[in-house]
Every structure is written in structure tokens, then in C-alpha cells.
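At the far end of the sequence shown sits residue 392, using my numbering, and the numbering has no gaps.
For glycine and all other residues, C-beta sits at the position ideal for the given N, C-alpha and C.
Quick caveat: nothing in here was measured; it's all calculated off a predicted structure.
First the structure, in the form of C-alpha cells, and then the observations on it.
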Amino acid sequence: MGWKTLDDMDLDGKVVLTRVDINVPVEGGKVTDATRIERIKPTITDILAKGGKPVLLAHFGRPKGEYVPEMSLRVTIPTLEEVLGRSVTFIERPDRASIDAAPSDAVILIENTRFSAMEEANDPRMGQFLASLGDVFCNDAFSAAHRAHASTTGVAELLPNCAGRLMAEELGALESALGSPERPVVAVVGGAKVSTKLDLLGNLIEKVDTIVIGGGMANTFLAAQGIDVGKSLCEHDLADTAREILAKAEAQNCAILLPTDVVVAREFKAGADNETVAADACPADAMILDAGPATVTAIEAAFGTAKTVIWNGPLGAFEIEPFNAATNAAARQAAAFTKAGTLISVAGGGDTVAALNQAGVADDFTYISSAGGAFLEWMEGKTLPGVAALMS
Ligand code: AMP
């Protein structure tokens, strides 16, 4: 696929600088969700098995180039040690000698790369400094690959490099969903606003067979067709853009599935009184908060004939019940088809993962990307600098 994996590298006796994403949630000085740490374990285990010494490079929070004690990576050490089942040596101010002095089977963690302003500026001096610490660079942080930083691209250009297990898994799953997918492909694009998803829609129209548009952004499309959406979230100023997207889709033979019925309420709160109406019958004082059951049936039918589904964004205001109904029902159907072996389902983006977790189906999808921004940029068809650097 153009990049090397750990299998292609000779790591015996080598120091392997390993970019990981362990930007985990922390409360009261403790890691509250270890998912990101669990997902880098195969890479670290395999580097050690090949005789390499992993030196973890990672960012944590947004310290903006300054030392911020609460953003020290020290907080991750107990969880790293528990997940990896071995001790972790923390080096605050790394140099090659202290890395060489650590035991040969050690896992080394160095301090938050973003404590230096040179990281986000991708200052060549930082890339060179990082390169001086190791022999090989392994990038296992797909979720940071949309940023050209010293620890994602600068150092990659200076050392023999490869993708880690998680990175390779992500790239493989994404390639199978959009690069050379089994057709027909259905994309689900939901969420609040069209304005944040214009590039996404533009790219998908050229690549997929059907796009399901849901969530607040569907309201903009309904309004652009002359439908009164009452007090719904709606970007009225994007009516022309929405019409252009629909015309482009038609020209490219990409079907667009918009809601035909909707769930409306007068208040944006859990348990608000609600009713289901036709998509063109939203009362003037109400707002659309979810897709209705007929729309869900149409989405499920599209999944039934599809071979691949790629999903970003909820179909409604999924954080407040009962406006999670359409997202949950459609997600469960995608999961059921996946389990039955008729569908490849790939999803990503922060809200999407939360929505699928809430529907209780995250484990049944073929692949859930651990990345937010990087997943979106990849779906938009953009080149991710961290991935491009592995090709060089
Ligand atoms: P995004 O961050 O663009 O993916 O949008 C996700 C957010 O869109 C979630 O917080 C949802 O609650 C919200 N959302 C989805 N559908 C609607 C809707 N019909 N009205 C208002 N907010 C919505």
C-alpha cells in the first residue's frame, strides 16, 4: 500500500521512536478511559518481540508550546504499565545516552511533545532532535496524522519509517471502505451543520452510490427545496450550496436520501413532547430533532442492498432521548447486517463513536476509527501529512 509495516523492518537492537496517541481523558489525576492506550499495545508488544526498544512520542492536551504541569504525560504511566504489563521508564528531558542506558526490554515514554513550540510549527530542529534519539520511526497515531508536526512528519522524513499496527489497521479499513470498496457503498453523513461537511459531501458524491443525509444538516437541504422547517437548526444562507450539492449528486449518479418524515418538538430537551410528521409538515413553532420511522425504514433498505457503509455523524439530536431513536435503529441494522456477513461497516468521528456506543453496537461494526479530525479529513479525500510522510 506504499508504506512499510513493522514486519518489513529490522528492529533488533534498534531504538524505535514510536508516535502514539495517548491523549486520553483524565479526571482527578487518573485516566478515565484507557481505550487509546489499549489500542497501541500490539505495536509496542511487536517492537519488543523484534528486539527493538520502543520510545513513545505523544502529545497531551494543548499546552501551546509551554510547560504546563497538568499536561505532563506522567499521568498516563500507571495505565500504560497496567495495560502493557511492564514498567515504563519516563524521561522528561531525553537524550540518546539516557535512552541507551535504559534496560533493553524497557518501554520509554518521553514528555509531551507539545511542550515545545517547535512541535506544532514542525520546526526542522525538533525533527532533527527527535531523529537523533532513535534509529527507526514508527507512526501508530493515525488520529494525529492530519497534522504536519515534528513528531508526525518532521522526524519521519529523517529516519527509516513504518506504520504501527493500529495505523496499518486504520489505513486498511479506510482503504476498504472508500479506496477500493465493495459496491454499492452507502455513506451516512449526519451532524449539526452542512457548513462543516461541504468538503466531505463533495468528495463522497464522487465515490459512493448513496448518501444518507441526516441530523440538523438535513434541515438545510429540506429548506433549500422550499420546505418550511419552522424553528429547526438550519443554515438558510447555504440554500444555494445545498442545491448545488444535490445537482452535482444527480449528475454523478449518486443518490441522496433525505428524511421523508421527521420527529419534531417545541423544546430541545430530553423527554420533550414530540410528534412525527411528514418532512414538509414541520409546524412553524417546532423544530426537527430526529428522522422519523419511514426514513429509518428507507435507510435500512439502503443498507440491505449495500455492501459497504461508511458513517460519520448522527441522524438526530442523539444525546437527548427520544431523539436518538433513528440513529440507534439505523446503527443496529448496520450492525446486524455486518454480523450476518452482508455488510462492511466503517465509522469514525467523535460524535459518531459516542452515538454508536450509545446504541450498543460499536463492537459489531467492521471497524470504528479511533480518530476524529483525521478520519474526517481522510473521508474528505485530503492527503494526511503523517501518512504521506510514511510513503516517502
Ligand atoms: P457534528 O458535530 O456536526 O457531527 O454534529 C453533532 C451534533 O449535531 C450533535 O450534538 C447532535 O445533537 C446535533 N444534531 C443532530 N441533529 C440535530 C437536529 N435535528 N437539531 C439540532 N441538533 C442536531
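Shown here, Ala330 sits in a helix according to DSSP, grouped into three states. Counting every other CB atom within 10 Å of its CB across the protein chains shown gives Asp261 a total of 16 or more, marking it as buried. For a cut-off of 8 angstroms, the C-beta gap from Leu343 to Phe303 is around 6 angstroms, short enough to register as a contact. As DSSP reads the structure, Ala265 sits in a beta bridge with Asn274, Met287. Cβ-Cβ distances below 7 angstroms link Leu376 to Leu200, Asn312, Gly349 in the same chain, with the five nearest sequence neighbours on each side left out; the list follows chain order. The three-state secondary structure of Ile47, taken from DSSP, is helix. Here Ser195 is exposed: its Cβ has fewer than 16 other Cβ atoms, across all protein chains shown, within 10 Å. Taken atom to atom, the span from the alpha-carbon of Val20 to that of Ile310 is near 25 angstroms. Counted as a single uninterrupted DSSP element, the stretch harbouring Thr18 is not any alpha helix (DSSP H) but the beta strand (DSSP E) occupying residues 15–19.
The alpha-carbon separation between Glu321 and Ser72 amounts to approximately 38 angstroms. Taking Pro259 as the centre and dropping the five residues before and after it, the same chain places the C-beta of Ala218, Ala279, Ala291, Thr295 closer than 6 angstroms to its C-beta, in chain order. Burial state of Arg39 is buried, judged by a 10 Å Cβ sphere holding 16 or more other Cβ atoms.
Between the ligand AMP and Pro283, a heavy atom-to-CB distance of less than 8 angstroms is absent. Within 10 angstroms of the beta-carbon of Gln225 lie fewer than 16 other beta-carbons, which makes it exposed. By the neighbour-count criterion, in which a residue is buried when 16 or more other Cβ atoms sit within 10 angstroms of its Cβ, Thr35 is exposed. The beta carbon of Glu82 sits no closer than 8 angstroms to any heavy atom of the ligand AMP. Taken from the Cβ of Phe60, every heavy atom of the ligand AMP lies 8 angstroms or farther away. Per DSSP, the continuous alpha helix (DSSP H) segment holding Ile299 begins and ends at 293–305. Across the set Val24, Lys50, Ser176, the C-alpha of Lys50 shows the shortest separation from the C-alpha of Asp12. For Leu315, the secondary structure class from DSSP, reduced to helix, strand or coil, is coil. Taking 8 angstroms as the cut-off, the C-beta of Met217 counts as close to a heavy atom of the ligand AMP. Relative to the ligand AMP, Ile288 has its C-beta within less than 8 angstroms of a heavy atom.
Bounds of any alpha helix (DSSP H) do not take in Ser345; it lies within the beta strand (DSSP E) bounded by 344–347.
With respect to Cys234, Ala251 sits apart: the two C-beta atoms are not nearer than 9 angstroms. When C-alpha distances from Arg114 are compared across Glu70, Gly2, Val229, Pro385, the shortest belongs to Glu70. Leu174 and Asp364 have their C-alpha atoms some 17 angstroms from each other. Here the distance from the Cβ of Phe221 to the nearest heavy atom of the ligand AMP is not below 8 angstroms. When the Cα atoms are used, Glu111 and Leu130 turn out to be separated by approximately 12 angstroms. For Pro181, the number of other beta carbons within 10 angstroms of its own is at least 16, and it is reported as buried. Sixteen is the threshold: when 16 or more other Cβ atoms of the shown chains lie within 10 Å of the Cβ of Arg147, as they do, the residue is buried. In this structure Arg243 is exposed. Its beta-carbon is surrounded by fewer than 16 other beta-carbon atoms within 10 angstroms. For Ala163, DSSP records a beta bridge to Thr5, Asn139.
The DSSP-derived three-state label of Ala388 is helix. One Cα belongs to Ile211, the other to Val188, and the distance between them is close to 6 angstroms. By the Cβ-count criterion, Ala101 is exposed, with fewer than 16 other Cβ atoms from all chains shown falling within 10 Å of its own Cβ. For Lys30, the shortest C-beta to heavy atom distance toward the ligand AMP is 8 angstroms or greater.
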